[in-house]
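The structure appears below as structure tokens.
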Amino acid sequence: MRPLISSAVVLSLALFTSSGTSAEAPDLAKALAGADWSKVETVTVTMTEYAFSPSPVVLKEGVPTKLVLKNGGKEAHYFVAEQFFKVIATRKIQDSNGEIKAPSFTAVEVYPGKTVEWFLVPAQKGVFDLLCTVKGHAEHGMKGKIEVR
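Residue numbers (the numbering used here): 123 to 271.
This is the structure:
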């Protein structure tokens, strides 16, 4: 059986299960509903051994974005930014084999030589840590920042 998204293994889907609302928490549903996808901005992040480029990855608050994750390396790499993932509204993640629609993700793995497109809306400004969680990669310097302006 062929996987739906062969170049991106989404490790797990995380639903926000907060019982209350925080004044600091962005309204992700509102951010997604208000997005004008005809005005999407494309930002490309290339992953290699052992770096994210560019770093910081710069995105704009409230602007629909196609975040292109390209693995230019010879090993699989993970794109993990725990705090950033909490303040973005995801429309979908796709590659040439299909797409996954889910409200949130905790990690995206991109296989060597493959590309994944992530359609999202950053809903809150800030600077967020980014890292690859493959064993030893962060220790070799595969860390970065995401800045939402």
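Virtual Cβ for every residue (Gly too), placed ideally from N, Cα, C.
Please read all numbers here as calculations on a predicted model, not as lab measurements.
With contacts defined by Cβ atoms closer than 8 Å, Thr237 and Leu191 form a contacting pair. Measuring C-alpha to C-alpha distances from Pro176 to each of Leu154, Gly266, Ala211 identifies Gly266 as the nearest. Of the residues assessed, Gly248 falls on the exposed side of the cut-off, its CB having fewer than 16 other CB atoms within 10 angstroms. DSSP places Ala151 inside the alpha helix (DSSP H), whose first and last residues are 150-155. Cβ contact annotation for Phe241 (same chain, cutoff 6 Å, sequence separation greater than five): Lys188, Arg213, Lys214, in chain order.
His259 has its alpha-carbon roughly 17 Å from the corresponding atom of Gly235.
If you ignore the 5 residues before and after Gly156, its C-beta comes within less than 7 Å of no other C-beta in its own chain.
Between Val179 and the set Val165, Val185, Glu171, the nearest pair of CA atoms involves Val165.
In this structure, Ala211 and Ala245 form a Cβ contact; the two beta carbons are roughly 6 Å apart against a cut-off of 8 Å. Contact between Glu239 and Gln216 holds, with the beta-carbon distance rounding to 5 Å and staying under 8 Å.
For Trp159, the closest of Gly184, Glu146, Thr170, Val167 by C-alpha to C-alpha distance is Gly184. Rounded to whole angstroms, the separation of the alpha carbons of Lys223 and Lys182 is 22 Å. In this structure, Asp251 and Gln205 form a Cβ contact; the two beta carbons are roughly 7 Å apart against a cut-off of 8 Å.
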